[in-house]
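Trainee: If you scroll down you'll find the structure; I have some questions about it.
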Amino acid sequence: MRRNKIWTIFIGIVVITGVCFLIDYPTVPDWVPGYKWFSKPKIHLGLDLQGGTQLVYQTDTTNIPDNQRTDAIEGARDVIERRVNVFGVSEPLIQTAEAGDEWRLIVELPGIKDVHSAIEMIGETPILEFKEQAAARVLTDEEKTAINNYNKKAEERAQDILNQCLTGGDFSQLAKEYSEDQGSKEQGGDLGWFSKGSMVPEFENVVFNTLKKGEISPTLVKTVYGYHIIKKDDERVNNEGTAEVRASHILIAVESEELVSKLTEWQYTGLTGKQLKSSFVSFNSQTNEPEVSLEFDDEGAKLFAEITKRNINKPVAIFLDNEPLSIPEVKEEISGGKAVISGKFNLKEAKDLSERLSAGALPVPIKLVSQQNIGPSLGKISMQKSLIAGIIGFLVVIIYMIFFYRLRGVLVGVALMVYALILMSLFKLIPVTLTLAGIAGFVLSLGMAVDANVLIFERIKDEENLGKSKINAIKDGFKNAWSAIRDSNGTTLIICFILYQFGTGLVRGFGLTLGLGVLVSMFTAITVTKNFLELINKE
Amino acid sequence: MFNYTSHRNIFFSVSIALVTVSILSLIFFGLKPGIDFIGGTMMEIGYETGTPTNQEIKDKLAQFNLKELSVQSSSEKSFILRFSIESSSEISNEGGVDETVHQNILESLGNPEEIRFESIGPTIGRELAKNAKWSVFLSLIAITVYIVLAFKKLGKIFGHGESWRYGAGALIALAHDVIIMLGFFSLLGHFKGVEINSAFITAILIVMGYSVNDTIVVYDRIRENLLTYRFKELNQVISVSVTETIVRSLNTSLTTIFALLAIYLFGGESIRNFSLAMIVGIGIGTWSSIVIASNFLLLGRKKEVGK
């Protein structure tokens, strides 16, 4: 009965090994049942073994509310994936990674030849964002004091300039020098002819009612814009019988609390290139000017409707590559999921933009921060070298074991082969991307696998020295070796876990392969080796 | 039978000497961090024909104002260039990748084959360095805690502090291994220009796993023998336990070192330093497990427990 159980386990091991062998075998012949399934899993080779490029992009999520960041990053990932697919790389891999409070996009392009064009192509991806104005905010006391101080200084400066004007200074010269009204400064402060109703009341009151032709106002005139020094140049009555005045002014601007509180930045709305479905050139039905039409997906259409609804009679800005491209005012809620960017395009510009947008637009700005290229020849050499190193390492270990433990060493050799076959098929099935570090981890886990066997063999020797029968020595040897195997592999697994958690790329792959190796090696040591030993030692 | 405990002062002296040299080297020479950790650019190029000299390459690159440029031939026809790009450059304010400069450099060198190119921004570098330190630190803590828990049973029989003593012993042995590895690579860095990178940190972590592996096997045997022969003196129990486990420890370490030697000799340039670090580390780790960690258990004992 006991022998039967041992034989059953043995057959189980043979079957598992057989299945693993078929999975590992590159091309299974078609007379094998289920050969299609066996041939399907492929070994994934890392960039260092097959050549290629890894690009790391930093995303700028500072303007995006916390809860929407993941969405935006995923959107960026999808957009870049679409872009890269156009490039025809066999198995591009685009991952997102969180580092502290920053998000990164890791783009892996295996086997790519023209890295430069790929970088350019990704770099050209437009960043499209729809933004709305933020609500006015309450100013802090510090800001209020700062504004007051600024305004006081402005008044002093204005008074100084006024004094110069009144004491015979050249008004237009002073305007050119000091005026902060960019529109009239270069004309010596000349505002041209205007009638009542076109200027702020305080200003009009002075020019129309107080000043005579050629006179300069003896006191500063304060309006919402700041302090004005006003000179009335001329007056007339126009053809329609309205009084008109021609005046010049020097403006020293002030800051108002109201303006500053409204002067907040454009706010993230969640509507970005992520929801863009297509883009094409259209023509404005009235002016016949070229425009760029955007069509959103369902999510984008919904968002756009919400945004336009809450911003009626307010501007909504369309940002392209971080610059406001167009800031139209919303007239009504737009529910069809279509938007138009109109503006100062000529036909070619409109075409270029719509083509760029069609290929996908990013929801967040990205920046290339790290690049790693492995030439195909280096990958090939590394692959060959590490394979040779792996095989030699494997053989050396087995020879050493046979030399030291004779027949039992041969059993370990067989058990190690079972171990290698199982591990390889796991690599294929999971799948684990095999890198140079991964192969090193594999070779190292061979050492670990041997260790469990050595522990057991030494233990069996000890038990035999105590005068136990062979089969009992084997039984007790396994039992007593277990705590050491468990604890030593336990600590290694802890390290693998830490490597996997904290590592990036290379280190991660190493942790994963070594961890898997340790688990499988424990299995082979306590089932396969034990079974073999029991088979050759009859009771 | 060789007594492993009566010679403990010699063992401790050897280890203390090694650790002292390592610490001195770390203080005076420091470690040479690779671009993984500080950011920068590494480029390996190969020429089919008309291989230039190191100086010719340097001259051609003079126009780019590269910082800390070094040119090193990696074989007859290939070179490894290391440099960092001016961090105030407008295109690349991260100091890392500057694709335009990259392409210009290749062009000015006569468009050789680019075997390898790596460019890492300093932010990412700093982050990797931080992660590396954390992972070594965390591993030390996790392993110590694991051992304290695994040897809890001893605490029940021999008094509360006993399992902590095992934890501390393993921690000391691990710190010993890590410091000597760092010291060794600090010397290599000073005299041979060997840089430490992520792979080196991985090697440290794995050596820690390996060393603690050995330590646990020895401790496991001490635990078992203590429970079996309760009336023997501790130093005898330890010596017997080490004798019983040393064949296994050496066998395991030697097989692993053989496997690593294969990688060192045939695995190619890129993982050579990694396998060297592992070989050194596993050698040191085996030493510390066999004679340091075991004898640590005797330190500061009152006479009654272990003569």
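Protein chains in written order, with numbering that gives the first Met the number 0: chain C, 0 to 538; chain R, 0 to 306. For glycine and all other residues, C-beta sits at the position ideal for the given N, C-alpha and C.
1. Measure the alpha-carbon distance for Ala524(C) versus Ala71(C) and round it to whole angstroms.
2. Identify whether Pro32(C) lies in helix, strand or coil by the three-state DSSP scheme.
3. What do you get for Asn488(C), buried or exposed, if any count of 16 or more other CB atoms within 10 angstroms of its CB means buried?
4. Given that a residue counts as buried once 16 or more other Cβ atoms are within 10 Å of its Cβ, and exposed if not, what is Lys551(C)?
5. Among the residues of its own chain, which have a CB less than 6 Å from the CB of Asn103(R), if the five just before and after it don't count?
6. Does the stretch 258 to 268 of chain R come close enough to the stretch 237 to 246 of chain R that 3 or more CB-CB pairs lie under 8 Å?
7. Along the chain, where does the alpha helix (DSSP H) containing Met423(C) start, and where does it finish?
8. Hey, does His101(R) have any beta-carbon neighbour from chain C nearer than 9 Å?
9. Mind checking His6(R): buried by the 16 CB within 10 Å criterion, or exposed?
10. Three or more beta-carbon pairs under 8 Å between the stretch 380 to 400 of chain C and the stretch 320 to 336 of chain C, yes or no?
11. Buried or exposed: which applies to Asn464(C), given that a residue is buried once 16 or more other Cβ atoms fall within 10 Å of its Cβ?
12. Could you tell me the distance, in whole angstroms, from the CA atom of Gly336(C) to the CA atom of Lys276(C)?
13. Out of Pro28(C), Glu131(C) and Gly51(C), state which residue places its alpha-carbon closest to the alpha-carbon of Pro327(C).
14. How big is the Cα-Cα spacing for Ala16(R) and Pro91(C)?
15. Answer yes or no: the CB of Val442(C) versus the heavy atoms of the ligand FMN, is any distance below 8 Å?
16. Judging by CA-CA distance, which residue of Glu75(R), Ile114(R), Ser118(R) and Gly39(R) is the nearest neighbour of Leu54(C)?
17. If we define contact as Cβ-Cβ less than 9 Å, is Ser482(C) a contact residue for chain R?
18. Give the secondary structure of Thr434(C) by DSSP, where H, G and I count as helix, E and B as strand, and everything else as coil.
19. Tell me where the alpha helix (DSSP H) around Asp140(C) begins and ends.
20. Do Leu513(C) and Phe441(C) count as a contact pair if the criterion is CB distance below 9 Å?
21. Comparing alpha-carbon positions, which option in Asn530(C), Asn536(C), Lys537(C) and Lys184(C) lies nearest Ile12(C)?
22. I think Ser520(C) touches Tyr418(C), with their Cβ atoms under 8 Å apart; what is that distance to the nearest whole Å?
23. Classify Lys308(C) as helix, strand or coil using the three-state DSSP reduction.
24. Gly510(C) to Ile387(C), Cα distance in whole Å?
25. Which same chain residues end up closer than 6 Å to His189(R) when comparing Cβ atoms and leaving out the 5 residues on each side of it in sequence?
26. Quick one: Cα of Asn471(C) to Cα of Arg164(R), how far?
27. Using 9 Å as the limit for Cβ to Cβ distance, is Ala257(R) near chain C?
28. Considering only C-alpha positions, which residue in the set Asn212(R), Ser24(R), Asp219(R) and Ile178(R) is nearest to Lys151(R)?
29. Return the bridge partner residues of Asp189(C) from the DSSP annotation.
30. I'd like to know whether the C-beta of Tyr399(C) is nearer than 9 Å to at least one C-beta of chain R.
31. Just the Cα atoms here: how many angstroms apart are Ser87(R) and Glu67(R)?
32. Going by C-alpha distance, which of Ser14(R), Pro32(R) and Gly124(R) is nearest Ile195(R)?
33. Does the beta-carbon distance from Ile497(C) to Leu454(C) come in below 9 Å?
34. So which of Met207(R), Lys129(R) and Leu275(R) has the shortest CA-CA distance to Ala141(R)?
35. Of all the CB atoms in chain C, is at least one closer than 9 Å to the CB of Ser269(R)?
36. Using beta-carbon positions only, say whether Arg115(R) and Ile373(C) come within less than 9 Å of one another.
Mentor: So, to answer that:
1. 48 Å
2. coil
3. buried
4. In the structure as shown, chain C starts at 0 and stops at 538, and residue 551(C) therefore has no counterpart that could be examined.
5. none
6. no
7. Pro375 to Leu428
8. yes
9. exposed
10. no
11. exposed
12. 10 Å
13. Glu131(C)
14. 52 Å
15. Annotation note on the ligand FMN: not contained in the displayed structure, which lists no ligands.
16. Ser118(R)
17. yes
18. coil
19. Asp140 to Leu165
20. yes
21. Asn530(C)
22. 6 Å
23. helix
24. 22 Å
25. Phe28
26. 35 Å
27. Looking at the sequence itself, residue 257(R) is Phe, so the reference to Ala does not match. Yes, its Cβ sits closer than 9 Å to a Cβ of chain C.
28. Asp219(R)
29. Ser247(C)
30. yes
31. Confidence is the limiting factor: at Ser87(R) the pLDDT is only 40, short of 50, which leaves the residue's position unreliable and the question unanswerable from this model.
32. Pro32(R)
33. no
34. Met207(R)
35. yes
36. yes
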